[in-house]
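Chemist: Below are the structure tokens for one structure; questions will follow.
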Amino acid sequence: MNNRLPPAWSKHIKPGPAPKVKGPIVKPLVSPQKASAQSRAQADDALLKQAYAFQQAKRLDEAQDLCLRVLERTPNHPLALYILGTIYLGYDDERALRYFARAVGEEPKNPYYHLSLGEAYVKVSEYAPAIKHMQYALELQPGLIEALCALGRTYTAFDKPDMALPLYEKALKINRDHPKVRAGLASALSGLGRMDEAAAYLKQAIARRIGVPAAYNDLVQTRNFTEELQSILRELGNPKLGSEGAQQLHHAAGKVLNDLKRYDEAFDHFNKAKQASGQRFDIDLYRRWVDSMIETFTPDFLAARAGYGNPSEAPVFVVGMPRSGTTLTEQICASHPDIHGAGELSKLSRVANAIGLKTSSAGDLSQPITSITEDLSRTLAEEHLSYLRERAPAALRVVDKTPHNFELIGLIGLLFPNARIIHCRRDAIDNCVSCFVLKFSEAHSYNSDLKTLGLYYREYDRLMRHWNEVFPGLIFENRYETLVDDQEAQSRRLIDYLGLPWDDACLRFFDRDGSVNTPSRWQVRQPIYKSSVKRWKNYENEIQPLIQSLGDLAEI
């Protein structure tokens, strides 16, 4: 769960002793009903103050229980709703969204509530309402630096980083040392391909001791840096360094040592980064979930639902393991004048979660799937198309390049029988090593150790083989090694599969305008290079647990 500091807290609860009162204290005459209300309000404040303390101590279940106690006694207490939203943000974003929306309904002039509601909308890739609430927060409090930075991040994620720059510049004038300002500027500039300017802001952050671990981790991703190594290693010796900072700095050190070709030292840092994360993944639970997906989406099941959904050819889904070439593939496609690259969208996973297809559940999935009637499939498909049209009203194809949509190809088939699905596949060992050396979020906790990563890859491969069997001829396999070996020939196959005429702009994807917001944002600003093929051989001695767990999928 999330350990976010509620920015509205100080508005409601002031820490510290009460001021001393001079002169005699005269008790006012208060009606019993008003006294009871005041007593309840004081008790609510005391419980919420304790809830906040629990939240900061990461005792989140206890924090939640106290907020719910307040809501039982004082329904729709705005601060209780708000704190519950902060607890769920990043863990159950749909629930966070509902709590923040209720808080806004109760206290519509609170800018922090609008800000947090906007941030929850960003988490579920609903950028238009996110922008509306953040802008309103700034109307209520124009100098609210958290809102300026949040709106900047949202524009960057919404493929409008040019609109983010003036927001960050304004924030920089308000507070030169706010931890999110320079990092946000660097992210927006990186998305625009202005890597040298991004690096300059990150170096300023380091020099001013602002978010140093994150700044180093972002800096070394903007291009090859080697002179930063000793500074990073010194930072790792800081006794006050927390686990998050340790992860970031170990990843940064590993990246620099890799650039220096000191591969054994680099991998030692990557391993230490994973240890610092403390993440764990239940591979047995995931395996049972894959079993249930395979048992549910059978040829007979799908044949009985022919005609479901919407026949639109606009949606394109680029899927595969992270680091398999999904960003590169999207950039090539999006360089075509009739194709819009929308980046990674969460719309499909929201639908899946709403009907009960969560990967955290390994029960019978046939019941939630059979709840999708023909009428519901059309409604869900039309909502999804409206969501895509919001991003690119005139595009003939809109690309969603969320890699983990490989899990939901059965759902795609029910909603969009004519959708194009591009499966990016890469050498299994290269793919897994490329995942392991990067800092992924907790949602990718299968990436926390080599053995589990290899076993997870096997489940991904097993599910993709199933989708190819039940949707014969639907999925275009885009092999990374084939693409880098003959870029033009494979790019032409891609555009032909999408049903569009060829355009030479697709060969110069690295000159394309628009933002890139994935770890590949530096690489895809360059022409295709082949140095990533068989990169794993640099680490052959260190990755034996991975190779063993991949089994026959490892091409030695």
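FYI, the numbering for the sequence shown is 1405 to 1960, going by my numbering.
Quick reminder that beta carbons are idealized off the backbone N, C-alpha and C, glycines included.
1. Distance, Cα to Cα, Leu1519 vs Glu1530?
2. In three-state terms, what does DSSP make of Phe1913?
3. Please classify Thr1856 as buried or exposed, where buried requires at least 16 other C-beta atoms within 10 Å of its C-beta.
4. Could you check what DSSP says for Asp1804 in three-state terms: helix, strand or coil?
5. What does a CB cutoff of less than 8 Å around Leu1645 pick up in its chain, not counting 5 residues either side in sequence?
6. Can you tell me which residues form a DSSP beta bridge with Glu1348?
7. Is it buried or exposed, Asn1714, if we count other Cβ atoms within 10 angstroms and call 16 or more buried?
8. To the nearest angstrom, how far is the alpha carbon of Val1526 from that of Ala1455?
9. With H, G and I counted as helix, E and B as strand and the rest as coil, what does DSSP make of Lys1960?
10. Verify whether the separation of the beta carbon atoms of Ser1728 and Phe1913 is less than 9 Å.
11. So does the segment 1833-1846 actually touch the segment 1739-1757, counting three or more Cβ pairs closer than 8 Å?
12. Comparing C-alpha positions only, which one of Lys1574, Arg1869 and Ala1592 sits nearest to Asp1566?
13. Quick check on Gly1724: does DSSP put it in helix, strand or coil?
14. Please name the residue or residues paired with Ile1825 in a DSSP beta bridge.
15. Suppose only complete runs of 4+ residues qualify. What are the alpha helix (DSSP H) ranges in the segment 1597-1681, listed by chain order?
16. Where does Gln1948 land, buried or exposed, given buried means 16+ other C-beta within 10 angstroms?
17. If you draw a straight line from the C-alpha of Glu1734 to the C-alpha of Ala1561, how long is it?
18. When DSSP labels each residue in this structure, what does Ile1833 get in the three-state scheme?
19. Put Ile1776 into one of helix, strand or coil per three-state DSSP.
20. Identify whether Ile1947 lies in helix, strand or coil by the three-state DSSP scheme.
21. On a CA-only basis, which of Gln1625, Val1660, Ser1895 and Gly1641 is nearest Glu1631? Give me that one, please.
22. Ignore the nearest five residues each way along the sequence and tell me which others in Ser1716's own chain have a CB closer than 7 Å to its CB.
23. Where does the unbroken alpha helix (DSSP H) through Asp1889 begin, and where does it stop?
24. Give me whichever residues DSSP pairs with Ile1743 in a beta bridge.
25. Within a Cβ cutoff of 8 Å, which residues of the same chain sit near Pro1905, ignoring the five residues on either side of it in sequence?
26. Compute the Euclidean distance between the alpha carbons of Ile1816 and Asn1628, then round it to the nearest angstrom.
27. Phe1674: which of Tyr1861, Leu1854, Tyr1495 and Asp1956 sits nearest, CA to CA?
28. The alpha helix (DSSP H) that contains Glu1734, what's its start and end?
29. 9 Å is my cut-off, CB to CB: does Tyr1531 come that close to chain C?
30. Out of Arg1869, Tyr1884 and Glu1510, which has the shortest C-alpha to C-alpha gap to Pro1726?
31. Provide the residue span of the alpha helix (DSSP H) that contains Trp1871, from first to last.
32. Among Glu1573, Asp1668 and Lys1453, which residue has its Cα nearest to the Cα of Tyr1943?
33. If we call anything under 9 Å between Cβ atoms a contact, is Tyr1486 one with Pro1515?
34. So, does the segment 1827-1839 touch the segment 1773-1784, judging by three or more C-beta pairs under 8 Å?
35. If you draw a straight line from the C-alpha of Leu1878 to the C-alpha of Tyr1861, how long is it?
36. Nearest CA to the CA of Ser1852: which residue from His1655, Trp1940, Gly1509 and Lys1536?
Modeler: Taking the coordinates as given:
1. 14 Å
2. helix
3. buried
4. strand
5. Pro1617, Glu1639 and Leu1653
6. The requested residue 1348 is not part of the displayed model; the chain covers only 1405 to 1960.
7. buried
8. 26 Å
9. Rather than Lys, the amino acid found at residue 1960 in this sequence is Ile. Ile1960: coil per DSSP, three-state reduction.
10. no
11. no
12. Ala1592
13. strand
14. Phe1721 and Ile1879
15. 1599-1611, 1616-1626, 1633-1640, 1647-1663 and 1667-1681
16. exposed
17. 15 Å
18. helix
19. coil
20. coil
21. Val1660
22. Leu1789, Phe1820 and Asn1822
23. Tyr1884 to Asp1889
24. Arg1801
25. Ile1899
26. 39 Å
27. Leu1854
28. Thr1730 to Ala1738
29. The structure shown contains no chain C; it holds only a single protein chain.
30. Tyr1884
31. Leu1854 to Val1874
32. Asp1668
33. no
34. no
35. 22 Å
36. His1655
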